[in-house]
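Chains as they are written, first to last, in my numbering: chain A, 9 to 298; chain B, 529 to 911. Glycine residues also receive a C-beta, built at the ideal position from the N, C-alpha and C atoms.
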Amino acid sequence: MAELLQFLFSGLTVGATYALVALGFAIIYNASGVINFAQGEFVMVGGMASAFLIAAGVPLPVAVAIAVVIGVAVGVALEKFAIEPARGAPVVTLIIITIGASIAIRGVAQLVLGKQFHTVPAFSGEQPIPIGGATLLPQSLWVLGATVAVVIGLGAFFGRTRLGKAMLATANNRNAAQLVGINVRFILLLSFGLSALLGAVAGVLISPITLTSYDVGIMVGLKGFAAAMLGGLGNGLGAVAGGLVLGLAEALGAGYLSSAYKDVIAFVIILAVLVFMPKGLFGKASAERV
Amino acid sequence: MRSPLLSAFAGAAALSLAAGAMPAAAETIKIGSFLSVTGPAAFLGDPEEKTLKLYVDKLNAAGGVLGRKIELVVYDDAGDSDKARTFAKRLIDQDKVDVIIGGTTTGTTMAAVSLAEQAGVPFISLAGAVVIVEPVKKWVFKTPHTDRMACEKIFADMKARGFSKIGMIAGAGGFDRSMRQECLAVAGKYGVTIVADESYGAKDSDMTAQLTKIKNTAGVQAVVNPGFGQGPAIVTKNFRQLGMTMPLYQSHGVASKEFIRLSGEASEGVRLPAAALLVAEILPDSDPQKAVVVGYKKEYEAKYKSEVSTFGGHAYDGLFLAVEAIKAAKSTDKAKVRDALESIKGYVGTAGVVNMSAKDHMGLDLTAFRMLEVQKGNWTLVK
Numbered sequence: 009m010a011e012l013l014q015f016l017f018s019g020l021t022v023g024a025t026y027a028l029v030a031l032g033f034a035i036i037y038n039a040s041g042v043i044n045f046a047q048g049e050f051v052m053v054g055g056m057a058s059a060f061l062i063a064a065g066v067p068l069p070v071a072v073a074i075a076v077v078i079g080v081a082v083g084v085a086l087e088k089f090a091i092e093p094a095r096g097a098p099v100v101t102l103i104i105i106t107i108g109a110s111i112a113i114r115g116v117a118q119l120v121l122g123k124q125f126h127t128v129p130a131f132s133g134e135q136p137i138p139i140g141g142a143t144l145l146p147q148s149l150w151v152l153g154a155t156v157a158v159v160i161g162l163g164a165f166f167g168r169t170r171l172g173k174a175m176l177a178t179a180n181n182r183n184a185a186q187l188v189g190i191n192v193r194f195i196l197l198l199s200f201g202l203s204a205l206l207g208a209v210a211g212v213l214i215s216p217i218t219l220t221s222y223d224v225g226i227m228v229g230l231k232g233f234a235a236a237m238l239g240g241l242g243n244g245l246g247a248v249a250g251g252l253v254l255g256l257a258e259a260l261g262a263g264y265l266s267s268a269y270k271d272v273i274a275f276v277i278i279l280a281v282l283v284f285m286p287k288g289l290f291g292k293a294s295a296e297r298v
Numbered sequence: 529m530r531s532p533l534l535s536a537f538a539g540a541a542a543l544s545l546a547a548g549a550m551p552a553a554a555e556t557i558k559i560g561s562f563l564s565v566t567g568p569a570a571f572l573g574d575p576e577e578k579t580l581k582l583y584v585d586k587l588n589a590a591g592g593v594l595g596r597k598i599e600l601v602v603y604d605d606a607g608d609s610d611k612a613r614t615f616a617k618r619l620i621d622q623d624k625v626d627v628i629i630g631g632t633t634t635g636t637t638m639a640a641v642s643l644a645e646q647a648g649v650p651f652i653s654l655a656g657a658v659v660i661v662e663p664v665k666k667w668v669f670k671t672p673h674t675d676r677m678a679c680e681k682i683f684a685d686m687k688a689r690g691f692s693k694i695g696m697i698a699g700a701g702g703f704d705r706s707m708r709q710e711c712l713a714v715a716g717k718y719g720v721t722i723v724a725d726e727s728y729g730a731k732d733s734d735m736t737a738q739l740t741k742i743k744n745t746a747g748v749q750a751v752v753n754p755g756f757g758q759g760p761a762i763v764t765k766n767f768r769q770l771g772m773t774m775p776l777y778q779s780h781g782v783a784s785k786e787f788i789r790l791s792g793e794a795s796e797g798v799r800l801p802a803a804a805l806l807v808a809e810i811l812p813d814s815d816p817q818k819a820v821v822v823g824y825k826k827e828y829e830a831k832y833k834s835e836v837s838t839f840g841g842h843a844y845d846g847l848f849l850a851v852e853a854i855k856a857a858k859s860t861d862k863a864k865v866r867d868a869l870e871s872i873k874g875y876v877g878t879a880g881v882v883n884m885s886a887k888d889h890m891g892l893d894l895t896a897f898r899m900l901e902v903q904k905g906n907w908t909l910v911k
């Protein structure tokens, strides 16, 4: 029982990270139909920025805040300089542009920040909390708590604020939204900024547990994408559910099946989803009227 | 009657013949190197590059070797075996080096072994796995202790502490897998049974699931983690996170302050076999290695303002073994240098006292390894 509990804890912690990344995918996909493969790099930027700021002596809460702002800036810059100039292009082109952007961001990080691994101090210490025979890190509580707060915050944003509703409207029908006077260009910019915010938050939260380096974005991005597909691309709650399910599947798979094939689980899920249920667990079947 | 042109031609031909007959005294000794200066093995490759540069400059300032300057050519393979192979080829075919000192990791070394063997270029590897020198390859030598020696040193320590059942968690890389095989093979000799055997991927960031399995295996008294890079640092952190109090042994793949820095407080109490270099100051004066390791430590730290690691030491040994061999062979003729390398006896390096032979292209024995323990963020010698 204690063993199962331990796997659940580690699965939920890493699953929360995947959930935040998957949410980022969902938001951008909803606003523009583009799958932003640079999503993982936002996580890397958040983690690396906080590592460097803290190493330079900036107090932890300030460093975390600045790191998130830097992440958002990278996201906004990505939209402004890579996506917007190509705005008339077909979606596939834009997706490929994001792949190129992710490689570019990684390259800049390599040159400027180096290829070493970096540590980030835990927010409230590293003393593990014993619960029912398993141990939980205080940092895991931060990760889970922040994810819940983010999800609730996003729910309120989309459901109660005009800007949020405008984003939903754009996602639903871009032309109609434009006709009603919504500035869809700004909505796209906002969607990238918001996804970058989610990614950077995930990055600063998870770096004290895992270490951070210039290429952590690749795997995190791919697994977040797997989670987003699992939950149904474009569905916010589905993304969160997909992330948590993927994290749990990895932890339980490594624990009960074979630890050597942990990474395989995410990719098997992508394949299974794409082949058997392309709309994911919660996605709606889309139909086009001709 | 001779035409002026013919005599001019004859004169020119005579001059060039004479010039060609003169010994090429100004020709440099070319030492080629492919190292993992960046990437996952950066904390092995970076000190290696720094060490080679420092001592090549020092040797050249003192007049070079055999009156010739040494030219060092270094390429960074970033831990990628394909790149390593490409660079090794370039060193052999284009740069035409006399000796190769390189191959930071087992993976990158093995990628270049066949090239060195085919081209007949002496290759001194800086990597750990025993497969590099077993079976013995004519042109390949190595300076670090093997993974098998690490396993034996660790098991000897475990036996002394009364442990008979242990768990093992290894990564997916060449060195990790090789050391794991060696540990499985030699455990019986020390009365140790490996009751739990887990593994993790190269880019894994969370090993709590695997460690939980080990924790819950009945009778596990200690854990050994073959590997290098960030994997062992994460394993060490996870170990403490899960509240595991049993002893943790790492391999010499993490014999660098970087490991302590990355794992933080979790590294307290971790034991590992390593070269005497890491505890240079606290060695007794009677220790044969003391002079060499203290000297290297002082010079490296003065120049680069960062702590020595055993990896830089391996590069130091590689360079000076090559220099010894070139001096003994009195030339850079590859076959002569190779033969000279193979006959080196009693060379005191940072890794230990080296005695090469036709059957042993590494030359170290178990006494070259010391068992160290991390205490308060520093290395201490376990008696």
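Over the uninterrupted beta strand (DSSP E) stretch that includes residue i, give me the two end residues.
| i | result |
| --- | --- |
| tryptophan 907/B | 906-909 |
| valine 723/B | 721-727 |
| glutamine 903/B | 898-903 |
| asparagine 183/A | Taken as a continuous stretch (DSSP letters only), asparagine 183/A belongs to no beta strand (DSSP E), being part of the alpha helix (DSSP H) at 182-187. |
| phenylalanine 703/B | Counting along the chain, phenylalanine 703/B falls outside any beta strand (DSSP E), though it belongs to the alpha helix (DSSP H) covering 702-714. |
| glycine 695/B | 693-698 |
Checking contacts by CB at 8 Å: is residue i closer than that to chain A?
| i | result |
| --- | --- |
| leucine 770/B | yes |
| tyrosine 939/B | The question about residue 939/B has no answer, for chain B in this structure spans 529 to 911. |
| serine 727/B | yes |
| lysine 558/B | no |
| glycine 567/B | yes |
| glutamate 577/B | no |
| glycine 840/B | no |
| isoleucine 762/B | yes |
| lysine 785/B | no |
| serine 642/B | no |
| alanine 856/B | no |
| leucine 572/B | no |
Nearest CA to the CA of residue i: which residue from the options?
| i | options | result |
| --- | --- | --- |
| glycine 913/B | Thr556/B, Ser564/B, Gly573/B | An answer regarding residue 913/B cannot be provided, because it is not within the stretch 529 to 911 covered by chain B. |
| proline 568/B | Gly690/B, Asp732/B, Thr721/B, Ile694/B | Asp732/B |
| tryptophan 667/B | Ala868/B, Ala803/B, Glu796/B | Ala868/B |
| glutamine 118/A | Val283/A, Ser267/A, Tyr222/A | Tyr222/A |
| isoleucine 43/A | Val188/A, Ala85/A, Phe33/A, Ala64/A | Phe33/A |
| phenylalanine 50/A | Val70/A, Ala75/A, Ser40/A, Gly65/A | Ala75/A |
| valine 807/B | Val910/B, Pro575/B, Val751/B, Thr721/B | Val910/B |
| isoleucine 195/A | Asn180/A, Leu230/A, Gly207/A | Asn180/A |
| phenylalanine 89/A | Met285/A, Ala112/A, Pro69/A | Ala112/A |
| threonine 155/A | Gly211/A, Gly172/A, Ile104/A | Gly211/A |
| threonine 634/B | Leu654/B, Leu847/B, Glu726/B | Leu654/B |
| glycine 55/A | Ile91/A, Thr127/A, Val29/A | Thr127/A |
| glutamine 749/B | Ala804/B, Arg689/B, Gln758/B, Ile788/B | Arg689/B |
Taking 8 Å as the threshold (beta carbon to beta carbon), is residue i in contact with chain B?
| i | result |
| --- | --- |
| threonine 127/A | yes |
| lysine 231/A | no |
| threonine 143/A | yes |
| glycine 41/A | no |
| alanine 249/A | no |
| methionine 9/A | no |
| threonine 218/A | yes |
| glutamine 124/A | yes |
| glutamine 14/A | yes |
Considering just the uninterrupted stretch of the alpha helix (DSSP H) at residue i, what are its terminal residues?
| i | result |
| --- | --- |
| valine 53/A | 47-63 |
| tyrosine 928/B | Limits of chain B in this structure are 529 at one end and 911 at the other, which puts residue 928/B out of reach. |
| methionine 772/B | Segment: none, methionine 772/B is in no alpha helix (DSSP H) and carries neither H nor E. |
| alanine 117/A | 99-121 |
Just list the alpha helix (DSSP H) runs in the stretch 132-178 of chain A, keeping only unbroken ones of 4 residues or longer that don't cross its boundaries, in chain order.
146-168
Could you name each continuous alpha helix (DSSP H) segment of 4 residues or more that falls completely within the stretch 829-895 of chain B, going from the start of the chain to the end?
838-857, 862-870
Inside the stretch 214-249 of chain A only - beta strand (DSSP E) runs reaching at least 3 residues
none
Kindly provide the ranges of any beta strand (DSSP E) runs that are 3 or more residues long and lie completely inside the stretch 654-682 of chain B, ordered along the chain.
668-670
Do the stretch 589-607 of chain B and the stretch 653-662 of chain B meet, that is, are 3 or more Cβ pairs less than 8 Å apart?
no
Can you list the alpha helix (DSSP H) stretches of 4 or more residues lying completely in the stretch 249-290 of chain A, in chain order?
270-284
Which runs of the alpha helix (DSSP H) fall wholly inside the stretch 598-655 of chain B and span at least 4 residues, in chain order?
609-621, 634-647
Would the stretch 782-792 of chain B count as touching the stretch 877-891 of chain B if we require 3 or more Cβ pairs under 8 Å?
no
Are there three or more Cβ pairs, one per stretch, closer than 8 Å when the stretch 720-738 of chain B is compared with the stretch 684-696 of chain B?
yes
Counting pairs of beta carbons, one from the stretch 232-240 of chain A and one from the stretch 262-282 of chain A, are three or more of them closer than 8 Å?
yes
Counting Cβ pairs, one atom from each stretch, are 3 or more of them under 8 Å apart for the stretch 752-771 of chain B and the stretch 282-292 of chain A?
no
Would you be able to state if there are at least three C-beta pairs under 8 Å between the stretch 626-642 of chain B and the stretch 587-595 of chain B?
no
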